[in-house]
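This report concerns only the one structure given below.
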Amino acid sequence: MNSRFAHNLVHTRAGLAALVLRVPVGLILAAHGSQKLFGWFGGYGLEGTGQWLASIGLAPGHLMALLAGSAEFFGGLALVLGLLARPAALVVAFTMLVAIVSVHIGNGLFIANNGFEYALSLFVVMLALAIQGAGRFSLDGLLASRLADGGVGRHAATGQ
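Numbering (the working numbering), first residue to last: 11 to 170.
Structure below.
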């Protein structure tokens, strides 16, 4: 991988605010994804979620459930760790945009009416994290500092 690309991918100037955003939101996303993928926490698993998605026109339902559940579950875990947070945030942001447009927009803003306020909130948080990165208290921050010091796997004194 091009080291300049890798550095740009993980580089962040963000501080504590990124940690405050990404850890709780990442846990919430991972929990929602686990409902879709595994049926945990009262979810319907891939089968039930896939049937529902197909019933609202997102076909093939099973694939759509797998994609949405994986984006939320694995994206959430990546955000908690702060590992490849920018791409994870972009994937989740796209997933939330699809949810807004295909499920919630016709119900208005408020969640009490199955509206889009929750998905919009997650979308905006994901955009903020995609812009600012995971912050210095993250695995991305650690990787960025190692890349800036001569690259991962290189000895600082010899450059090898």
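Ideal Cβ placement from N, Cα and C applies to all residues, glycine included.
Predicted model, so just to flag it, every value in this text is computed and none were measured.
CA-CA distance, residue i and residue j?
i	j	result
Leu94	Ser44	20 Å
Leu153	Val135	23 Å
Pro70	Ser80	15 Å
Gly160	Phe15	14 Å
His72	Asn117	24 Å
Thr22	His42	27 Å
Asn12	Gly125	43 Å
Lys46	Ala158	39 Å
Considering only C-alpha positions, which residue in the set the options is nearest to residue i?
i	options	result
Leu130	Ala144, Gly145, Ser112, Arg146	Ser112
Phe104	Glu82, Leu157, Ala144, Leu26	Glu82
Asn18	Pro97, Val101, Ala138	Pro97
Leu149	Ala27, Arg14, Leu76, Val20	Val20
Val102	Gly60, Leu77, Gly125	Leu77
His114	His42, Trp50, Ile66	Ile66
The alpha helix (DSSP H) spanning residue i covers which residue range?
i	result
Trp50	Taken as a continuous stretch (DSSP letters only), Trp50 belongs to no alpha helix (DSSP H), as it is neither H nor E.
Asp159	Note, Asp159: premise wrong, no alpha helix (DSSP H); not H, not E.
Gly67	Run containing Gly67: none; DSSP gives neither H nor E here.
Spatial neighbours of residue i within its chain, please: C-beta separation below 8 Å, excluding the five flanking residues on both sides.
i	result
Val90	Arg32, Val33, Gly36, Leu37, Ala40
Leu100	Met136, Ala140
Leu87	Gly36, Ala40
Answer yes or no: do residue i and residue j have a C-beta to C-beta separation smaller than 9 Å?
i	j	result
Phe147	Gly25	yes
Gly92	Leu132	no
Looking only at its own chain, which residues have a Cβ that is under 7 Å from the Cβ of residue i, when we skip the five neighbours before and after it?
i	result
Leu68	Met74, Ser112
Tyr128	Ile121
Excluding the 5 residues flanking residue i on each side, which residues of the same chain have their C-beta closer than 6 Å to its C-beta?
i	result
Trp62	none
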